[in-house]
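Chains as they are written, first to last, in the UniProt record's numbering: chain A, 1 to 525; chain B, 1 to 327; chain C, 1 to 318.
Beta carbons are placed, not taken as given, at the ideal position from N, Cα and C, and that holds for glycine.
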Amino acid sequence: MKKTAFLAAALLAGTAIGASAETLRWARAGDSLTLDPHAQNEGPTHTLSHQMYEPLIIRDMTGAFQAALATDWAPKADNPDVWVFNLRQGVTFHDGADFTAEDVVFSINRAKSENSNMKELLNSIVEVRAVDDHTVEFVTDGPNPILPSNLTNLFMMDKGWAEANDSVDVQQVEAGEKTFASSNTNGTGPYKLVSREPDVKTVLTLNEDYWGNDAFPLDVTEIVYTPIQNAATRVAALLSGEVDFIQDVPVQDLNRVAQTDGLVVKTAPQNRVIFFGMNMGADDIENDNVEGKNPLADVRVRRAMSMAINRDAIQQVVMRGQSAPAGMIAPPFVNGWTEEMDSASKTDVDAAKALMEEAGYGDGFSIQLDCPNDRYVNDEAICQAAVGMLAQIGVTVNLDAKPKAQHFPLITNGETDFYMLGWGVPTYDSEYIFNFLVHTRGSDRGSWNGTGYSNPELDEMIVSLSSETDLDKRNATIQAIWDVVQEEQLYIPIHHQVLNWGMAEKVGTEVSPEDDPKFKFFTMN
Amino acid sequence: MLAYIIRRVFQSALVLLVVGLVAFSMFSFVGDPVDNMLGQERTQADIERLRETLGLDQPFVVQYWRFLEQAAQGNFGLSYRQGRPVAEILVERLPATLELAFVSGLMALFGGIALGIFTAIRRRGVSANIIMTASLIGVSLPTFLIGILLIYLFSVELGWLPSFGRGEVTRIGNWTTGFLTTSGLKALILPAITLGLYQMTLIMRLVRTEMLEVLRMDYIRFARARGIREKSVNFRHALKNTLVPVITITGLQLGSIIAFAIITETVFQWPGVGLLFINAIQFVDIPVMAAYLMMISVMFVGINLIVDMLYFAIDPRLRADRTAGGH
Amino acid sequence: MADTTPITAPSPAPPSRLRRAWESDLAWSFRHAPVAMASFFVVTLLILGAVLAPLIAPHDPFDPATLNLMNGFTPPGQANAFTGELFLLGTDDQGRDVFSTILYGMRISLFVGFSAVLLAMVLGVTLGLLAGYVGGWTETIIMRIADVQLTFPAILVAMLIFGIAKGITPPEYRNEMAIWVLILAIGLSDWVQFARVVRGATLVEKNKEYIQAARLIGRTPFSIMLRHILPNVLNPVLVIATISLALAIIAEATLSFLGVGAPPTKPSLGTLIRIGQEFMFSGEWWILLFPAATLLALALSINLLGDWLRDALNPRLR
């Protein structure tokens, strides 16, 4: 008894000397929604989960694939419908249990279950089977060349732990259900949960038994995470040294933060594009002053509106240079993006007026623009700027800006005729954009397509993408779809967002395009 | 007396019922929770399933009745946002708000009384007039701006006080307190000033007015004439008679301090029920909103009831013809 | 914020003589109160500026077609780097002239303030008189409604009305709607104090001999309330109204902070402050400072006037 105590004390002393304890105080606007790793498919939730849980494959801070719990993966040579994953050996969960193929099978099935919010990403998976303790096979319905990119936020849980704690089923967040797994964690990740009070404070500490102890810097030994909603308060906390790292620095405060002693701002393009959508599908729209017809149904009107938007002015003044004007609704990270299409937007007020005249709207019309005011960088200010620009060609815009909780339902329920939306592409592939924004609205696809656009031919091409194994052929189809989208001016692209992280000088990190810091990569000096 | 109390309690219950109805009807207008609860990649089928689970497909009256039934048993359901019982979250967040309200209430009360007496006694003095005017500056700016200006001055420029949160808190049973640590006490200062400033001005002006009234009364004049020292006249005789209305108003204000903590808590990221409420609105977390409104209502109606009964007990004139609660 | 303002009970002197007396006294008192005179001057100046905004303002900030985004963030008195245009008080993030925007914004703030107070006053005085004079169930119902009203902070009332109005207004009127919703919300959250004071005063007055006499000679309750009781409660009502005006203007600003105020394309002073506070750390101080200073000057002057009025109307304090 005494001996153990002595040993424990010695061990504790040893760790205290070995690692210099570095606490990272981290703040961002919102909190994680739940600790259950499969219950919500949402950025801040995944970001927190990534510190404690791990997927088979992760994206590193530059967005590139990196082996995590799988060491390598490839489709089977003789059967392209099967992906083989070799698992990392000697990995343990925080509670000491070994990580094996059985846990992968359990986790994938859990993430595919009805309550899971991740199941859409795993639609193509028919079966997951353990070949041996450290090999897993994923069987898909037809070849799925982009399966790995769907797995980077898919976290592995311990089967035994979930069963013992009544957490086999995914927490049903929507029903307000509370499970053991929604407030406790047991992952393989570099950090362990110490305490958590949702929306107030979450504390994590270093996992001493992490498999990657020698592979990553792991300079941060403790993480204190505080969501701070009010932008001014958040910046004040960084400026006064109360936090070391904030993820969302308002663009107007970048200079102030950068000029403050001991603070730096790091910037990188984000995998997110901002654009306007227009209801072109309806015969007559509700929120305009034109009776009996829909001005937005005319492609000339849509083009004229796009030409009226001065993207450079928005970039310079509203975004203070922190954006990249866009000509298509795909960020440059995405397969299918081309520089030519992305620079297609031209501002020409006179030509726009001529187009309006040609379409029979020389006197203009009035319409309501629905805009979020708490979702994207300076969203409301961008919309406001657009109101002024569209007024130049006679389009009178009534701006209705509201919180995202009230804005997004308008789009998904088809209750808006002119709206702002931003789209991130976690799979880095155009198919994801087409599925949600271009395909005819239906039960499986097109849920975020608020334009009412429906083109059966195009839909067929979009559906074909998911099972096309010939990458060249697939890319050609993607290009063909984009050509139609551009030609039809389906959306009015504005810009690609830029991420700005503000941090104390001692914090060393790259800015990840997904806005998800993984603290094991951070250095502190 | 008993009949009166029963009648008042009955009326209060009715008030709560109405508040519940108004609160509940408001929710159908603030947004649709379903869209926020499901991720970017959800299907129409997911939405239908969820609406059914939440009972949102039921008619309004049915939803309200279910809410009342549960609320009567102290069950406000589970938060859509946090997936925990609302009652549990409220209990967890309440200490932060109550401590903030307590400190700003105390500040308002003592600061208000002291300044009120001072400005009443030195009615025509220069410093009293400066205080009176300065106090008006505090109520002539919106609370959120005062909060942000305080943060700018004391956190960013001077670096003296923290800009957000409660600092380090100590847990005692179910209660968390910031009173026992230096960082907790420091964190209280700016939010308490922001929240208490308005009430302090109010109390100060009330005390001044009452004091001036009382000082003109005959018995005070007699006291002076009898040669009782000025200090004694001011404090032992005048102040005593001033305090009754002051305490009444303070009681009534306590409820509104808690309600108006919404803005202060938003600016300072103070983890109390006000911030919880604002978060709930943004997320359309209906059970939390409903519970919060009911809680505030119970508090207000309760305070109102107590004040009314105290009046009844203290002032015999009111038994025949009761006058208003406020003054 | 709805709050009870400390008001002393009206003086019990007979009405007609008192009236003549306070009119001349008021004038005398005003002439001998430099603070009151200065406040009056400031308020008048600001109201004139707001009313005459279309004539004074160099730009029309409410006409989006005249805005040039490239003018954004021009410092006061300096030429813009791109367009070379000059603005007295600079421009905001949308390239709007701050001076013009303040004048136009003040129109909205004052309109909302005055209308809301008028609404609260009419509602509060009517209900207060009814409750005090009629008594019985009428009184109980009115005063219980007042309790409910007090229970709901103005912010919540505003959000409720805002949500409902949004649901029922046709889209093309939604921008104008915001203003009426603000008036309704602030007015509805403010009537209680009028009602309480008027009811209290009415209770005192109605048992006096002259009212009994009026009743005996067959005057209708309506005419008694209007001709005999109302004049006696006007003093406190006037004082509450003044202070409520300042409160209403600030309440409008607070609601804008919470996102239920005037739309950013037609901003009020409060909306301007909300926008301006985003640029507090970034060095564009003029976007916040000028609207905030205007609001402070306006609210402070009104408050000081209200203060003076209260003391001046209370004969016992002289």
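Residue from the options whose Cα sits closest to the Cα of residue i
{"i": "A282 of chain A", "options": "A:F275, A:A476 and A:V290", "result": "A:V290"}
{"i": "C371 of chain A", "options": "A:T427, A:A386 and A:R59", "result": "A:A386"}
{"i": "D483 of chain A", "options": "A:A236, A:P325, A:E340 and A:E163", "result": "A:E340"}
{"i": "residue 332 of chain B", "options": "B:L17, B:V126 and B:L195", "result": "The structure shown has nothing for residue 332 of chain B, since chain B only spans 1 to 327."}
{"i": "D515 of chain A", "options": "A:Q229, A:S149, A:P44 and A:P37", "result": "A:P44"}
{"i": "A178 of chain C", "options": "C:P231, C:P291 and C:K266", "result": "C:K266"}
{"i": "S306 of chain A", "options": "A:H94, A:D209, A:W161 and A:K346", "result": "A:K346"}
{"i": "D261 of chain A", "options": "A:K506, A:P37 and A:E286", "result": "A:K506"}
{"i": "V395 of chain A", "options": "A:G292, A:V126, A:N287 and A:P148", "result": "A:N287"}
{"i": "L46 of chain C", "options": "C:I108, C:T91, C:M70 and C:F62", "result": "C:I108"}
Collapsed DSSP secondary structure at residue i in the structure displayed
{"i": "P409 of chain A", "result": "helix"}
{"i": "H46 of chain A", "result": "helix"}
{"i": "T97 of chain B", "result": "helix"}
{"i": "M389 of chain A", "result": "helix"}
{"i": "E265 of chain B", "result": "helix"}
{"i": "E139 of chain C", "result": "helix"}
{"i": "P6 of chain C", "result": "For P6 of chain C, the predicted structure reports a pLDDT of 49, less than 50, and the residue's modelled location is therefore unreliable. A value from the coordinates is still provided. Coil, per DSSP."}
{"i": "I179 of chain C", "result": "helix"}
{"i": "H495 of chain A", "result": "strand"}
{"i": "T194 of chain B", "result": "helix"}
{"i": "M118 of chain A", "result": "coil"}
{"i": "E127 of chain A", "result": "strand"}
{"i": "E380 of chain A", "result": "helix"}
{"i": "R124 of chain B", "result": "coil"}
{"i": "K201 of chain A", "result": "strand"}
C-alpha gap between residue i and residue j, whole angstroms
{"i": "L67 of chain C", "j": "A391 of chain A", "result": "9 angstroms"}
{"i": "L238 of chain C", "j": "I137 of chain B", "result": "21 angstroms"}
{"i": "L234 of chain C", "j": "A165 of chain C", "result": "33 angstroms"}
{"i": "I145 of chain C", "j": "Q171 of chain A", "result": "43 angstroms"}
{"i": "N153 of chain A", "j": "S301 of chain C", "result": "58 angstroms"}
{"i": "E99 of chain B", "j": "P245 of chain B", "result": "24 angstroms"}
{"i": "G165 of chain B", "j": "F268 of chain B", "result": "6 angstroms"}
{"i": "L309 of chain C", "j": "H228 of chain C", "result": "22 angstroms"}
{"i": "V298 of chain B", "j": "L17 of chain B", "result": "10 angstroms"}
{"i": "P264 of chain C", "j": "N150 of chain A", "result": "40 angstroms"}
{"i": "A70 of chain A", "j": "M61 of chain A", "result": "18 angstroms"}
{"i": "D60 of chain C", "j": "E85 of chain C", "result": "15 angstroms"}
{"i": "V226 of chain A", "j": "R234 of chain A", "result": "Residue 226 of chain A is actually Thr in this sequence, not Val. Answer to the nearest angstrom: the Cα atoms are 10 angstroms apart."}
Per-residue contacts from residue i into chain B (C-beta, under 9 angstroms)
{"i": "I250 of chain C", "result": "V139, S140, L141, P142 and T143"}
Contacts that residue i makes with chain C (C-beta to C-beta distance below 9 angstroms)
{"i": "I314 of chain A", "result": "L69"}
{"i": "N279 of chain B", "result": "Here the premise fails: no neighbours, minimum Cβ distance about 13 angstroms."}
Under 8 angstroms from the C-beta of residue i: neighbouring residues of chain C
{"i": "L14 of chain B", "result": "R144"}
{"i": "A70 of chain A", "result": "By Cβ distance, chain C contributes nothing, its closest Cβ being about 45 angstroms from A70 of chain A, past 8 angstroms."}
Under 7 angstroms by beta carbon: chain C residues contacting residue i
{"i": "I148 of chain B", "result": "Q277 and M280"}
{"i": "N525 of chain A", "result": "The contacting residues do not exist; N525 of chain A stays about 27 angstroms from chain C at best."}
Partner residues on chain A for residue i, Cβ-Cβ distance less than 7 angstroms
{"i": "P191 of chain B", "result": "Correct list: empty, because the minimum Cβ distance to chain A is about 11 angstroms."}
{"i": "N265 of chain C", "result": "The question names Asn, but residue 265 of chain C is Thr in the sequence shown. What T265 of chain C touches in chain A: Q384, V387 and L399."}
Contacts of residue i in chain B (Cβ-Cβ under 7 angstroms)
{"i": "S182 of chain A", "result": "G83"}
Which residues, in order along the segment 129-147 of chain C, keep a beta-carbon less than 8 angstroms from a beta-carbon of chain B? Listed in sequence order: T140, M143, R144 and D147.
query: Any residues in the segment 155-184 of chain B with a beta carbon nearer than 7 angstroms to a beta carbon of chain A? Which ones, in chain order?
result: S155, V156, G159, P162, S163, F164 and G165
* What residues in the segment 70-94 of chain C bring their beta carbon closer than 8 angstroms to a beta carbon of chain A? -> M70, G72, F73, D93 and Q94
According to a CB-to-CB cut-off of less than 7 angstroms, which residues of the segment 223-247 of chain A neighbour chain B? Those would be T226, I228, Q229, N230, A232, T233, A236, A237, L239, S240 and E242, in chain order.
| Between the segment 374-400 of chain A and chain C, which residues of the former have CB atoms less than 7 angstroms from a CB of the latter, in chain order? | Going along the segment 374-400 of chain A in chain order, one finds E380, A381, Q384, A385, V387, G388, A391, Q392, N398, L399 and D400 with a Cβ nearer than 7 angstroms to chain C.
- Query: Which of the residues in the segment 252-276 of chain A, read from start to end, lie with their CB under 7 angstroms from any CB of chain C?
  - Reply: The segment 252-276 of chain A vs chain C, Cβ under 7 angstroms: Q252, D253, N255 and R256.
What residues from the segment 28-49 of chain A come within 9 angstroms of chain C, judged by C-beta to C-beta, listed N to C?
-> none
- chain A contacts from the segment 29-51 of chain C (Cβ-Cβ distance under 7 angstroms): none
Anything in the segment 67-80 of chain B with a Cβ closer than 8 angstroms to a Cβ of chain C? List those residues in chain order, please. none
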